[in-house]
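Remember, our numbering sits 576 above the position in the sequence shown when you count from 1.
Structure record follows, encoded as structure tokens.
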Amino acid sequence: MVAKDQKTNHHLDPTEIGLRPGLEGVPVTQSAICDIDGVKGELRYRGYPIAELASHSSFLETTYLLIWGDLPSPQQLRDFEREVQMHRRVSFRVRDMMKCFPASGHPMDALQSSAASLGLFYSRRAIDDPQYVYDAVVRLIAKIPTMVAAFQLIRKGQDPIQPRDDLAYSANFLYMLTEREPDPLSARIFDKCLILHAEHSLNASTFSARVTASTLTDPYAVIASAVGTLAGPLHGGANEDVIKMLEDIGDPEQANSYLEKAIAKKQKIMGFGHREYKVKDPRASILQGLAEELFARFGKDEMYDVARTLEKQSERSLGKKGIYPNVDFYSGLVYRKLGIPRDLFTPVFAISRVAGWLAHWREQLGANRIFRPSQIYTGEKSRKWKQADDRLSPTSI
Ligand code: ACO
């Protein structure tokens, strides 16, 4: 299959287009959801600066904005909040299925499986029916946090606890996870974290969601494929690795020698670098402020000094290449202070990013063309079939 030149309508050979590994810098869609200026360090959802949303909005209001394009009226927001609240519970069948998952499994794998299973329970695939789309959005936003919290309790040998209708979205998640009603500061800061992680244009998991959406499959499969992509250590999984790295360093005095050794060995510093940003990620700065707010109230995490020293020391070596802290660098320290276990950092990221994935799902359906890139074939051109006896045995290769 050869691509067409958009202007001349002539077919182009893939070798003429040139190989672009990782599709770096290649536009593959148009989008009105999220705008990033990686040089100025600016991020906007639907035109609103991220810092304003984090200061004034709530996660559900931001979700509404991302998915439907405009801030909701007070009545629209109340309706959306009420619908989400009504759909927080998951079927006992989903909970029973999760009880069969190995307790030692990673919670991202549990989330990917349970998100995909929703497609079995809501199997009417009517993606051109606006009511179906609205219901799917509400169900996914409502149930993903319940499933993340459920797996946490199930793997400890406990029964999941039911959502509490008197608690708002973020407070309810922390309650289901920790079995304690969170204090208002923790709930507010967690809600801001969800806003900060909700959307980030065509990153790997969002691209994955759009590719899956482009086949016109159901939204549960779209979200499950995005969750699987987010799990990798070069993407959402990095927030877990940042804490491991800070603990390995252990002491601010050791930060510089760790950095020098890692750079000499060409190892990546987790939580640093971004394809889009050549300056510090604006979300990292806001998360750092949120971490400080939590530390002021509940006591400092000693790894914070290690993180700050590492950031400072990296300026000389990594800064000149445009490599600065990304969203994952300080988020783990915030989550840790909120009592969230380390291997739930990425599922918590997913709870939030579902909003962005669903916005892209809707946008993809609005102007769909199935994704089918080309490749440059590098294998053998033509080979003659050999009977089994004529082939070399593995030991003689
Ligand atoms: N530490 C040290 N060096 C780095 C880092 C890092 N974290 N990131 C990039 N570099 C260096 C590379 O070694 C390379 O150097 P070279 O040109 O001398 O060979 C150069 O910067 C370019 O690196 P690439 O990997 O090509 O940059 P790319 O844009 O492909 O990667 C990525 C972006 C994957 C995020 C990368 O910076 C990375 O692996 N960071 C660590 C993992 C991480 O924090 N991921 C979370 C990203 S945010 C998110 O997904 C939510």
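Don't be surprised by glycine CBs; every beta carbon is placed ideally from N, CA and C.
For residue 908, collect the residues of the same chain with a Cβ closer than 6 angstroms to its Cβ; drop the 5 residues on either side in sequence, then sort them by chain order. For residue 908, where only same-chain residues beyond five positions count, the Cβ hits under 6 angstroms are 815, 818, 819 and 921.
Going by DSSP, which residues form a beta bridge with residue 901? DSSP, once it has assigned bridges, lists 848 as partnering residue 901.
For residue 625, which of helix, strand or coil comes out of DSSP? Three-state result, residue 625: strand.
Would you call residue 691 buried or exposed, if buried means 16 or more other Cβ atoms sit within 10 Å of its Cβ? Looking at its Cβ environment, which holds 16 or more other Cβ atoms inside 10 Å, residue 691 is buried.
In whole angstroms, what is the alpha-carbon distance linking residue 679 and residue 673? Cα-Cα distance, rounded: 12 angstroms.
Please specify which runs of the alpha helix (DSSP H), each continuous and at least 4 residues long, are wholly inside the region 636–669, giving them in chain order. When DSSP assignments are scanned along the region 636–669, the uninterrupted stretches of alpha helix (DSSP H) that are 4 or more residues long and fall wholly within it turn out to be 650–662.
According to DSSP, residue 611 sits in a beta bridge with which residue or residues? As a beta-bridge residue in DSSP terms, residue 611 pairs with 620.
For residue 595, which of 966, 949 and 830 has the nearest alpha-carbon? Comparing alpha carbon positions, the residue from 966, 949 and 830 closest to residue 595 is 949.
Is residue 961 helix, strand or coil when you go by DSSP? Coil at residue 961, not helix or strand.
Under the criterion of a Cβ to heavy atom distance below 7 angstroms, does residue 894 qualify as lining the ligand ACO? Within 7 angstroms of the C-beta of residue 894 there is at least one heavy atom belonging to the ligand ACO.
For the ligand ACO, I want to know if residue 785 counts as a neighbour, meaning its beta carbon is within less than 7 angstroms of at least one of the ligand's heavy atoms. No, the ligand ACO has no heavy atom inside 7 angstroms of this Cβ.
Take residue 888 as the anchor and find which of 865, 802 and 901 has the nearest alpha-carbon. Distances from the CA of residue 888 to each of 865, 802 and 901 were compared; the closest alpha carbon is that of 901.
Compute the Euclidean distance between the alpha carbons of residue 963 and residue 957, then round it to the nearest angstrom. Those two C-alpha atoms are separated by around 19 angstroms.
Beta-carbon separation (whole angstroms), residue 912 vs residue 877, contact threshold 8 angstroms: About 6 angstroms separates the CB atoms of residue 912 and residue 877; that is less than 8 angstroms, so the two are in contact.
Please state if the CB of residue 716 and the CB of residue 799 are separated by a distance shorter than 8 angstroms. When the beta-carbon positions are compared, residue 799 and residue 716 come within less than 8 angstroms of each other.
Return the CA-CA distance between residue 882 and residue 731, expressed in angstroms with no decimal places. Whole-angstrom Cα-Cα distance: 31 angstroms.
With DSSP collapsed to three states, give me the class of residue 603. It is coil, neither helix nor strand.
Residues near residue 822 in its chain [Cβ-Cβ closer than 7 angstroms; skip 5 each side]: So the list reads 879, 882 and 883, once near-sequence residues are dropped.
Residue range of the alpha helix (DSSP H) that residue 748 falls in? Run containing residue 748: 745–754, per the alpha helix (DSSP H) assignment.
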